[in-house]
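**Student:**
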Amino acid sequence: MSAEEFAKNVFCHPSVQADPHLAHQIYSKFCLGQSKLTFQNLVIALVVLTKAHESVRSAFFAECGEFWHWVQTPPQLTTNLGEINHTFYQVLSGVTHLDEHEIADVEKIFELHSDSKLCRLTKENFRTLVGEAIDAKLFDGFFRAFDSNGDGQIDIQEFVCGVSASCRGPDSQRMKFVAQIWDQDADGFLEMEELDAMYDYLNVPKHLRTVRLTNTETGKVGSTTEVSCWAGGLEFAKSLLEILLQVGHICFGLTPDDTGSQLQILCGMKERITLESCAVWYIVASEWWTTMIMALNPKAPTEVPPIDNAQILQSKSDIHWINKLESITPEGALLKNGINERRDYELVSPTLFRALERWYGVNRDNTVVRRIRLPSTCRSHRSIPPESPRIEKVHMETFFIDLYPVMILASRHQAAEGWIPNSFGPTLRYTSFCRLTANCESTTFEILQRLREYMKVRDPECVRLWILEIDSKPKKILISDDTLKLHAIGVQNTAQILVELRNADMSWPEDIARLRGSSDSVVESVNGENGRPGGITGLYNMGNSCYLNSAIQCLSNIPKFSEFFLDKRYISSLNKSATGSTKTSVAVEYGNLIAELWNGKKRSLAPLRLRNAIVAKCEIFADRQQHDCQEFLAFLLDFLHEDLNKITEKKYVELRDSDGRDDAEVSDEAWNVYLSREHSIVTDLFAGQLRSKLKCSECASTSSRFDPFTCLQLPIPIDQMMLITVVVVKRDGNVPYRYSFRLPPTATLEELRASISEKANIPVCRIKIVCLNQQTGQLMKDMVALMSDIHTQMMRIPIYNSLLYAFELAPLTPTECNVSAPTLFALHRRMHYRNVYFMKSTDGSEPELFGVPLVLPFIQGRTSAAELYEEVWRQVSRLMNAAPNSANAANRAIDASEDLRSGYPFQLLTVDSSYEWCNRCHWSQFCRGCALDPSGSKPLSSVTAIAVNWNLSALYLKYQHSVELLCIDDESVRIQWDIHYRPLSLASCMDDFVRPEILEDPMTCDKCKQKTKRQKSLSVWRLPEILIVHLKRFVYLPAQSRWVKSSKVIDFPLEDFDPIGNSNGKQKYKCFAIANHYGAMGQGHYVAYARNSGHWYLFNDCKCQQIQESAIDKKNAYILFYERVQN
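Below, the structure is given as structure tokens:
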């Protein structure tokens, strides 16, 4: 061990580590003359330090000066732990009917089912825990009875107290818990409606509904105590009390007192739960169940053996080959054919099985059998051989247990040297890797999702399913509809599936293999896919070619454009001088592709020849890298126009300057010149005209220029504002309010304080903003200095990874309200017991900080300890639970340590900036902080920070951790969040496109002859029949020297879109296709949405799926295709 490691791992107090001379002296002594400390020498030195005679120690440490004096009179390292370190179990056992061991068992169940981040049971967690053991009609009230503070969550203290109140103690107290189930407002009283609901559930006759009326004015009928007294002499609540006893032992982890009670609880629970109660059931052998009952006989109890289902499982010689693989579903082992309930097996509910497993264990994990309950309508979807019944015959008509689920063998492509073969690889081979079970009602989406989780594939677009075999019959079906159920595909007993993963270049191995073998016809279809409308044909991904597929699918669904190619009109329009040879003509290959897409003969095809024709003209698309869809679309339309241009000889025509002429005249002139050189089906449908207008800043003269366009490229406005949310804590002790503001990144803390002041009505000078940890709510100490500077800019604060709190400060004096008093931080602290090591942890415990900090007014030499105690209590009183005798605390007894009349539930200590050590005492005292006297009236000095040391009983029983971060949202939160995250409209993007801008470079004005800056503005002058709108999501950030993708949502209409906003309905467009991009720049995936025959379809490479209009993903739109509506 080196000197640095010795100081870090052996010394406790930072002051020892900070004194290099002292640390080196001690280290040298421990090394016994060697250069580094060995374990043997460490042990020798520790023995000398603690066990040797004083004369030996004196000779050994004499040269260490101050350290030697400390060795002679060391501080007391341990004290009576009973005074400061009651354990959590001891505290709760003092106020409940559970002992420490039972609380530990209950805690294990709590940890197993609680939310890992919240460390609490949410309502859904609690529902999973109790499962079918509690009637669904009672569940909400049952949860409310446990949730004593009404925060919608159950912490460990509430859970333990609830278990105690419902399952332990006299029946009168347990009945009081039962009454809380119907006490909806948790006020300790039942109103008439609540009491009637309890009567009805317990089937109480009217003449026995005699709970005493308490208050006729308020309608309070009876307290939970009175209900308990009323039920004491009646039998109606006995069954419910018995159910609570079952829940406490089977679900919550309690252990029955004797075998007789255990047998009664188990059998009562089993007989009570019906088949309708839960969807999943466990199966145990009748032989083992009988053995267990006999072993629990109170007259002659014996040890219960582990659960063993060997008698009802298939033998190894009978096991199907599919069972040789690992199962990824929890169905368990395969069962023998022909077994019957009662005779061969017993059905056990999930909660009951967990209790059996906890108490007795399982012989072998592979003997657990878990099956699904299905509706009786599913019987017709199964094949049942008469000689060996495949499905259990039960007395219930509504449901049955599927003893023999559908067995699915999952295969994947056999990789060659770690990669999936592409178009140049070997023949594809399959290898089985797992098995799973399903039922006839299972959808292919559910199966695929389970496989994705097992294979750890996050992107659902990178995996798809094939059916290779159904009930031993070979098939080849690509599953394109995720909602298909197994019985709709024809699966009854077994199936083999292929899990296909995309290649790195986004192609599919099966598609590439079929392209090589031209075997597309072997792919079968389901749900009549062969009868799909024309144009609903997929395109193979040939390696990062989704950009190409998406663009083609959008163009293919332009009726006039596709009809032009389907009618072969393009042949007569070919520009021979441009194409040279039709073999490499983009127009010819595009026409051939459109014909194949619309003949409906193939499910999918590959646009190889079109791609090759484009590559021949533009080599940038030759590689298998991802490209921009809009860039490809522009090239494709350019090449099509070039091949189909009717103008073979393009005469040069020089455009005249506008020279003050009317814009209409100039635009018509430019348009005619354009058409005299460029005229094709592309210009007829896609060409529009933009006006670029320049305005002199000196003389205001203007000049206009008109240019054609085929794609309107709209920038997405970048919002530079930051959304800042601040929780404001006032000194009145009420629940804090949360406010939201939108400020520029360059705004300072002083500007934020001014905004808070205006909203919260607090003087600016009396606002202190601090930065807290987002997960724990604790003070971020490294941010204290930065947050103390009011000139700190917001961009320097990690607002998205932290919490901002603003504290109202006390005035300097009652008359000086606009001047704040000096402050210091107080942090909550509790002491945790630890084993005592050499020079480690005074009092055998270590401090642990928690909770939201407190900001206390403190004036050196003026503020007293009593004032500090009052200030802390004012701020923390809202975090304390209700009084022990209130309705909220009815689940436990009263602990004398909770009585706040005997003093504060905490102690204030003066500490240094670490909040772990005293700022007054020398390090050799190992003081964790000097305590302040709650009644001290003398002014304090030399106080820099305060630790609020909590009494552990009060901390465990009264401190509400769930309330620490509780706050009320001001209206500004909703308003500012709506503004910040609301989608931009397409109209706002158009406005930003035409918004004037000042050009940086000055130009000489033709009119005033001066070199001035010009104002430039764009506007759409002439609209095409087919309007393509490109949302420019990829933005260059000069400050970061990189391109980024904007994920801002653009809200665009599918109908009645007016691009110029003032056409009075004459220029309305409807959307017929959308190209979406997912992922970042240079990577990701493109898909297309298009309207065909009145329906919307999703085109995702080979996948073509009809969808509802509401299912269109408009958030990731990249290119919009609009068609002019004819009036």
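Position one of the sequence shown corresponds to residue 1 (the UniProt record's numbering), numbered consecutively onward.
Every residue, glycine too, gets a C-beta built ideally from N, C-alpha and C.
#1: Using the Cα positions of T1012 and L690, report the straight-line distance between them to the nearest angstrom.
#2: Taking buried to mean at least 16 other C-beta atoms within 10 Å of its own C-beta, is P857 buried or exposed?
#3: Could you tell me which uninterrupted alpha helix (DSSP H) segments, each at least 4 residues in length, are contained entirely in the segment 652-682, listed from first to last along the chain?
#4: Report the rounded CA-to-CA distance for I44 versus F11, giving the unit in angstroms.
#5: Taking the alpha-carbon positions, what's the L478 to G538 distance?
#6: Distance, Cα to Cα, N773 vs I799?
#7: Is the Cβ-Cβ distance between L403 and L335 less than 7 Å?
#8: For Y1078, list the residues DSSP reports as bridge partners.
#9: Leaving out five residues on either side along the sequence, give the residues of the same chain with a beta carbon under 8 Å from the beta carbon of V673.
#10: For D155, count neighbouring Cβ atoms within 10 angstroms of its own Cβ and tell me buried if that reaches 16, exposed if not.
#11: For Q553 versus A1090, is the C-beta spacing smaller than 7 Å?
#12: What three-state label does DSSP hand F838 in the structure shown?
#13: Please report the straight-line C-alpha distance between W466 and R379, rounded to a whole angstrom.
#14: Spell out the partners DSSP gives D115 in its beta bridges.
#15: If the criterion is Cβ atoms closer than 7 Å, does the pair A486 and A438 meet it?
#16: Just reading off the beta strand (DSSP E) that M722 is part of, what are its end residues?
#17: Mapping the DSSP letters down to three states, classify D991 as helix, strand or coil.
#18: Let me know if T1004 comes out buried or exposed under the rule of 16 or more other beta-carbons within 10 Å of its beta-carbon.
#19: Determine, using beta carbons only, whether M722 and L743 come nearer to each other than 7 Å.
#20: From E846 to A947, what distance separates their C-alpha atoms?
#21: Tell me whether the beta-carbon of S1047 lies closer than 7 Å to the beta-carbon of K693.
#22: Since residue 1130 is in the alpha helix (DSSP H), which residue starts that stretch and which ends it?
#23: Can you tell me where the beta strand (DSSP E) holding V406 begins and where it ends?
#24: Who does R450 pair with in a DSSP beta bridge?
#25: Between the segment 553-573 and the segment 675-687, do at least 3 Cβ pairs fall closer than 8 Å?
#26: Would DSSP call S2 helix, strand or coil?
#27: Can you list, in chain order, the residues of its chain with a C-beta nearer than 8 Å to that of W977? Leave out the 5 residues immediately preceding and following it.
#28: Give me the Cα-Cα distance between F1099 and P983, rounded to the nearest whole angstrom.
#29: What residue does the alpha helix (DSSP H) around V911 start on, and which one ends it?
#30: Could you tell me if L112 is buried or exposed, where buried requires 16 or more neighbouring beta carbons within 10 angstroms of its beta carbon?
#31: Given a threshold of 16 other Cβ atoms within 10 Å of its Cβ, counted over all protein chains shown, does I420 qualify as buried or as exposed?
#32: Would you call the CB atoms of Q778 and L849 closer than 7 Å?
#33: Can you tell me the Cα-Cα spacing of I391 and I447, whole angstroms?
#34: Could you check what DSSP says for R920 in three-state terms: helix, strand or coil?
#35: Taking all protein chains shown into account, decide if I979 is buried (16 or more other Cβ within 10 angstroms of its Cβ) or exposed.
#36: How far does the beta strand (DSSP E) with D402 in it extend, from its first residue to its last?
**Tutor:** In this structure, then:
#1: Within the sequence shown, residue 1012 is the residue found at index 1012, counting from 1. Within the sequence shown, residue 690 is the residue found at index 690, counting from 1. Distance between the alpha carbons of T1012 and L690 is about 24 Å.
#2: By one-based count along the sequence shown, residue 857 stands at place 857. So P857 counts as buried.
#3: 663-677
#4: Taking the first residue of the sequence shown as 1, we reach residue 44 at position 44. Taking the first residue of the sequence shown as 1, we reach residue 11 at position 11. Distance between the alpha carbons of I44 and F11: 17 Å.
#5: Along the sequence shown, one-based indexing puts residue 478 at 478. Along the sequence shown, one-based indexing puts residue 538 at 538. If you take the alpha carbons of L478 and G538, they lie about 12 Å apart.
#6: On the sequence shown, residue 773 is found 773 positions in, with the first residue counted as 1. On the sequence shown, residue 799 is found 799 positions in, with the first residue counted as 1. Whole-angstrom Cα-Cα distance: 10 Å.
#7: Working through the sequence shown from its first residue, we reach residue 403 at position 403. Working through the sequence shown from its first residue, we reach residue 335 at position 335. Contact: yes.
#8: Position 1078 of the sequence shown holds residue 1078. H1085.
#9: For the purposes of this step, residue 673 is identified with residue 673 of the sequence shown, where counting begins at 1. These residues qualify, in order along the chain: V653, L655.
#10: Counting from one through the sequence shown, the residue named residue 155 turns up at place 155. The residue in question, D155, is buried, as its Cβ has 16 or more Cβ neighbours within 10 Å.
#11: As a working mapping, residue 553 is identified with position 553 in the sequence shown. As a working mapping, residue 1090 is identified with position 1090 in the sequence shown. Contact flag set, yes.
#12: Translated into positions along the sequence shown, residue 838 becomes position 838. Note that F838 has pLDDT 43, beneath the 50 cutoff, so the model's placement of it is unreliable and no number is given.
#13: Numbered from 1 along the sequence shown, position 466 holds the residue referred to as residue 466. Numbered from 1 along the sequence shown, position 379 holds the residue referred to as residue 379. Between W466 and R379, the C-alpha separation is close to 26 Å.
#14: What you label residue 115 is simply residue 115 of the sequence shown in a count that begins at 1. Note: D115 sits in a beta bridge opposite R120.
#15: For this step, residue 486 is matched to residue 486 along the sequence shown. For this step, residue 438 is matched to residue 438 along the sequence shown. It should be pointed out that residue 486 corresponds to Leu in this sequence rather than to Ala. A contact, by the Cβ cut-off of 7 Å.
#16: Taking the sequence shown and counting its residues from 1, the one referred to as residue 722 is at position 722. Taken as a continuous stretch (DSSP letters only), the beta strand (DSSP E) holding M722 covers 722-729.
#17: Sequence index remark: in the sequence shown, residue 991 carries index 991 (1-based). Helix at D991.
#18: Counting from 1 along the sequence shown, the entry for residue 1004 is found at position 1004. The residue is exposed, with fewer than 16 neighbouring Cβ atoms inside 10 Å.
#19: In the sequence shown, residue 722 corresponds to position 722, counting from 1. In the sequence shown, residue 743 corresponds to position 743, counting from 1. Yes, they are a contact pair.
#20: Indexing the sequence shown from 1 puts residue 846 at position 846. Indexing the sequence shown from 1 puts residue 947 at position 947. Cα to Cα, the separation comes out at about 13 Å.
#21: In the sequence shown, counting from the first residue as 1, residue 1047 sits at position 1047. In the sequence shown, counting from the first residue as 1, residue 693 sits at position 693. Taking 7 Å as the Cβ cut-off, S1047 and K693 do not qualify as a contacting pair.
#22: For residue 1130 there is no data in the structure shown, the boundaries of the chain being 1 and 1127.
#23: Along the sequence shown, one-based indexing puts residue 406 at 406. Note, V406: beta strand (DSSP E), 406-413.
#24: The residue you call residue 450 lines up with position 450 of the sequence shown. BP columns for R450 are empty, so no partner.
#25: yes
#26: Here residue 2 is taken as the residue at index 2 of the sequence shown, counted from 1. Of the three classes helix, strand and coil, the one that applies to S2 here is coil, per DSSP.
#27: Indexing the sequence shown from 1 puts residue 977 at position 977. Cβ within range, chain order: L723, S740.
#28: Counted from its first residue, the sequence shown places residue 1099 at position 1099. Counted from its first residue, the sequence shown places residue 983 at position 983. Approximately 25 Å, taken between the alpha carbons.
#29: Start at 1 with the first residue of the sequence shown, and residue 911 comes out as number 911. Here V911 belongs to no alpha helix (DSSP H); instead the beta strand (DSSP E) covers 906-911.
#30: Taking the first residue of the sequence shown as position 1, residue 112 is located at position 112. Exposed, because fewer than 16 other Cβ atoms sit within 10 Å of the Cβ of L112.
#31: Within the sequence shown, numbered from 1, the residue matching residue 420 stands at position 420. Because I420 carries a pLDDT of 44, less than 50, the predicted location of this residue cannot be relied on, and the following value inherits that uncertainty. Flag for I420 reads buried.
#32: Mapped onto the sequence shown, residue 778 falls at position 778. Mapped onto the sequence shown, residue 849 falls at position 849. In this structure, L849 lies closer than 7 Å to Q778 by Cβ.
#33: Residue 391 sits at position 391 when you count from the first residue of the sequence shown. Residue 447 sits at position 447 when you count from the first residue of the sequence shown. Residue confidence for I391 is low, a pLDDT of 42 falling below 50, so the modelled location carries little weight and cannot support an answer.
#34: On the sequence shown, position 920 is the one that residue 920 refers to. Coil, per DSSP.
#35: For this step, residue 979 is matched to residue 979 along the sequence shown. With fewer than 16 other Cβ atoms within 10 Å, it is exposed.
#36: Position 402 of the sequence shown, counted from the first residue, corresponds to residue 402. Per DSSP, D402 belongs to the beta strand (DSSP E) from 399-402.
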